[in-house]
Amino acid sequence: MPAAADTDRNTGEAAVTPPPAGVTDSTVPAPILRVNNIEVVYSHVILVLKGVSLSVPKGGIVALLGANGAGKTTTLKAISNLLHAERGEVTKGSILFEGEEVHSRSPSDLVTRGCIQVMEGRRCFAHLTVEENLLTGAFTRKDGKAAVAADLDLVYSYFPRIKERRKALAGYTSGGEQQMTAVGRALMSRPKMILLDEPSMGLAPQIVEEIFEIVKNLNGKEGVSFLLAEQNTNMALKYASYGYILENGRVVMDGEAKSLRENEDVKEFYLGVAEGKRKSFRDVKHYKRRKRWLA
Ligand SMILES: Nc1ncnc2c1ncn2[C@@H]1O[C@H](COP(=O)(O)OP(=O)(O)O)[C@@H](O)[C@H]1O
Ligand SMILES: [Mg+2]
Numbered sequence: 000m001p002a003a004a005d006t007d008r009n010t011g012e013a014a015v016t017p018p019p020a021g022v023t024d025s026t027v028p029a030p031i032l033r034v035n036n037i038e039v040v041y042s043h044v045i046l047v048l049k050g051v052s053l054s055v056p057k058g059g060i061v062a063l064l065g066a067n068g069a070g071k072t073t074t075l076k077a078i079s080n081l082l083h084a085e086r087g088e089v090t091k092g093s094i095l096f097e098g099e100e101v102h103s104r105s106p107s108d109l110v111t112r113g114c115i116q117v118m119e120g121r122r123c124f125a126h127l128t129v130e131e132n133l134l135t136g137a138f139t140r141k142d143g144k145a146a147v148a149a150d151l152d153l154v155y156s157y158f159p160r161i162k163e164r165r166k167a168l169a170g171y172t173s174g175g176e177q178q179m180t181a182v183g184r185a186l187m188s189r190p191k192m193i194l195l196d197e198p199s200m201g202l203a204p205q206i207v208e209e210i211f212e213i214v215k216n217l218n219g220k221e222g223v224s225f226l227l228a229e230q231n232t233n234m235a236l237k238y239a240s241y242g243y244i245l246e247n248g249r250v251v252m253d254g255e256a257k258s259l260r261e262n263e264d265v266k267e268f269y270l271g272v273a274e275g276k277r278k279s280f281r282d283v284k285h286y287k288r289r290k291r292w293l294a
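In terms of numbering that gives the first Met the number 0, the sequence shown opens at residue 0 and continues consecutively.
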């Protein structure tokens, strides 16, 4: 078979060449978020992220995976510009939300532009009702009460469980209901992208699944993009299309969710399963098998 270039020369058709660097292919959607090689330092001396890069396509669900302390929350806070409150700082690299640097924007400005974070541990206002919590999410909006009321109905349509609980004080609702309230509150700002930090933490598998199903629905029907930080690799890779694995402030592996799920190392170190049999956590912890990506 002749080489492609010959074929083109023979037929006289224009050769299919990749676009030059910097020119985006119109068939590939531009990413809504791009993190380029960022470094984050806390208190001027503690280097936590050591060159993290990732991207989230418009309308995508991307998982940011890693054990406790890997740097997931730090990455999300760098994106939503919330590090200052923690004495943290991005000292290298850049973060672009819809092509614009985030560091010059305040967190509330970023919310207005469509990028919002749902904090680890839900952080609902315990002394407010579920509905009051949801309404606090609309504080950056200036489009009037009717629009906000319509969005409240929209949130309840996705989360019928919290509609039933709307008059209850958030502090008296279950962990799952609080997580739903936290995501619902984020939705009230009409986001284009939600940075969701460990929604599964401390919840029963069935509730986790219920929440991830809602994430999937919001992504499919409302077009909200998600960057999902999770320790629950198994569940996250069921719903995300792409994943990054963070270890010690570095991305050690990334790929399509399907290929990560099938990767032997990921299975062993993050899914606790290898070659068809379940490994005990102790085996995994003792690193009996060397991680190939660290070799
Ligand atoms: N405010 C802070 N000051 C100093 N170190 C911090 C601070 N917040 C987090 N860290 C450290 O940064 C590392 C990454 O933490 P974090 O981003 O919370 O990880 P993850 O969300 O993956 O569990 C950890 O070693 C943690 O101890
Ligand atoms: Mg965290």
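Using N, Cα and C, we set each Cβ at its ideal position, and we do this for glycine too.
Model, not experiment: these values are computed from the prediction.
Check, Outcome
"Same chain, Cβ closer than 7 Å to A111, neighbours up to 5 away in sequence not counted", "Correcting the residue type first, residue 111 is Thr in the shown sequence and not Ala. Excluding positions up to five away in sequence, the list reads T139."
"Alpha-carbon to alpha-carbon, L195 and Q230", "12 Å"
"Given 8 Å, three or more beta-carbon pairs between the region 81-92 and the region 244-263", "no"
"Close-in-space but distant-in-sequence residues of the same chain around R86 (CB under 7 Å, 5 per side omitted)", "Y41, S42"
"Burial state of G21, where buried means 16 or more other Cβ atoms lie within 10 Å", "Since pLDDT at G21 reaches only 48, below the 50 mark, its modelled position is unreliable, and no value is offered."
"G21 - DSSP class collapsed to helix/strand/coil", "With a pLDDT of only 48 at G21, under 50, the local geometry of the prediction cannot be trusted, and the value read off the model is given with reservation. Coil, per DSSP."
"Secondary structure of S54, DSSP reduced to three states", "strand"
"E119 Cβ short of 7 Å to ligand 2 heavy atom set", "yes"
"Euclidean distance between Cα positions of R113 and G219", "The sequence as given places Gly at residue 113; Arg does not occur at that position. Computed Cα separation, rounded: 17 Å."
"Cβ shell of L236 (< 7 Å), same chain only, five flanking positions each side left out", "A62, G242, A256, L259, R260"
"T232 Cβ short of 7 Å to ligand 1 heavy atom set", "no"
"First through last residue of the beta strand (DSSP E) which encompasses S103", "Neither: S103 is in no beta strand (DSSP E) and is coded neither H nor E."
"L226 versus V47, K49, V117, residue with shortest Cα-Cα distance", "V117"
"Identity of the residue in N132, R122, N35 nearest V250 by Cα", "N35"
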